[in-house]
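What follows is a short report on a single structure.
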Amino acid sequence: MFERRSGDGFMRCGDGHVRWGIFGAAGVVFVIREADGPRIMLQKRSVMAHEGGTWSCAGGALDQGELPYDGALREATEEVGDIPGTPRLLGDYVFNPSADWAYTTVVVEVDERFGSSMNFETDDVGWFTPDEVAALPVHAGFAAAWPHLLPLFHPVSDTD
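Position 20 (the sequence shown) corresponds to 197 in my numbering; numbering is contiguous.
Structure follows, in C-alpha cells:
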C-alpha cells in the first residue's frame, strides 16, 4: 500500500511552474571509488514515473521539516534499497528556481555497490563512469544538475 508522506503532492511554485514536493524535494547520487576511477549509481525511472525511461538519482518529496540529506537517503532506501555502511557526504547542489521550492541533490560516497528496483518508480539500477553518465538519456532535472555535481566525484589531491 502507498503511504502518503506529508510532503507528497504537486504545488504551483512562485515562478508559475508546477513541481512535485510541497516542501521541496531531494535526491542522492551515490559514488564508489574504484581502482580505475569513480562509479556513480543511477536509477532508470519506470514509465510510471515522470520522464520514465530516463536515468537519474533516487529522490522525491521532502516531508515537512525534513532536511534534504535525510529526505534524499530516505527516498533512496525506498527506491533502490538499504544503503550499506555509513555514507560520507561529498557535497550537494541546490536548484532553487523560486523562493518557495528547491531540489537538493546530495552526493555521498559509499564503500560498496548496492541497489536494485525496490518499487514501481525504478526499472533498473546501474553504476557508471562519469563519461558513461554523459552518454545516457537522463532526466532533464538531472541533466541540468550534472555539470554542478561532476566536480564532487573527483578527489582533491594533496598537491591541490
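Glycine is no exception: its CB is placed at the ideal position from the N, C-alpha and C atoms.
Run the CB neighbour count on residue 297, radius 10 Å, all protein chains shown included, and call it buried at 16 or more, exposed below. On the sequence shown, residue 297 is found 120 positions in, with the first residue counted as 1. The residue is exposed, with fewer than 16 neighbouring Cβ atoms inside 10 Å.
Considering only their Cβ atoms, is the gap separating residue 217 from residue 330 smaller than 8 Å? Here residue 330 corresponds to residue number 153 of the sequence shown, with the count starting at 1. Here residue 217 corresponds to residue number 40 of the sequence shown, with the count starting at 1. Cβ atoms of residue 330 and residue 217: closer than 8 Å.
With the cut-off set at 8 Å, would you say residue 219 and residue 283 are in Cβ contact? As a working mapping, residue 219 is identified with position 42 in the sequence shown. As a working mapping, residue 283 is identified with position 106 in the sequence shown. No, these two residues do not count as a Cβ contact at 8 Å.
Cα separation between residue 226 and residue 308? Position 49 of the sequence shown, counted from the start, is the residue given in the question as residue 226. Position 131 of the sequence shown, counted from the start, is the residue given in the question as residue 308. Their Cα atoms are separated by approximately 25 Å.
With residue 302 and residue 231 assumed to form a contact (beta carbons below 8 Å), what rounded beta-carbon distance in angstroms separates them? If you number the sequence shown from 1, residue 302 lands on position 125. If you number the sequence shown from 1, residue 231 lands on position 54. So it is not a contact: roughly 14 Å between Cβ atoms.
Within 8 Å, strictly: CB atoms of residue 267 and residue 205: What you label residue 267 is simply residue 90 of the sequence shown in a count that begins at 1. What you label residue 205 is simply residue 28 of the sequence shown in a count that begins at 1. Against a cut-off of 8 Å, the Cβ pair of residue 205 and residue 267 comes out as no contact.
Quick one, which of 244, 235, 277, 184 has its alpha-carbon nearest residue 193's? In the sequence shown, the residue the question calls residue 193 occupies position 16. Measuring from the Cα of residue 193, the nearest candidate turns out to be 277.
Less than 8 Å between the beta carbons of residue 184 and residue 269, yes or no? Looking up residue 184 in the sequence shown gives position 7. Looking up residue 269 in the sequence shown gives position 92. Going by C-beta atoms, residue 184 is not nearer than 8 Å to residue 269.
Given a cut-off of 8 Å, decide if residue 245 and residue 203 are closer than it, judged by their beta-carbon atoms. Walking along the sequence shown from the start, residue 203 turns up at place 26. Walking along the sequence shown from the start, residue 245 turns up at place 68. In this structure, residue 245 lies closer than 8 Å to residue 203 by Cβ.
Cut-off 7 Å between Cβ atoms - residues of its own chain near residue 229, not counting five sequence neighbours on either side: Mapped onto the sequence shown, residue 229 falls at position 52. Answer for residue 229: 222, 223, listed in chain order.
Does the beta-carbon of residue 322 have 16 or more other beta-carbons within 10 angstroms, so that it is buried, or is it exposed? Position 145 of the sequence shown holds residue 322. Residue 322 should be labelled buried.
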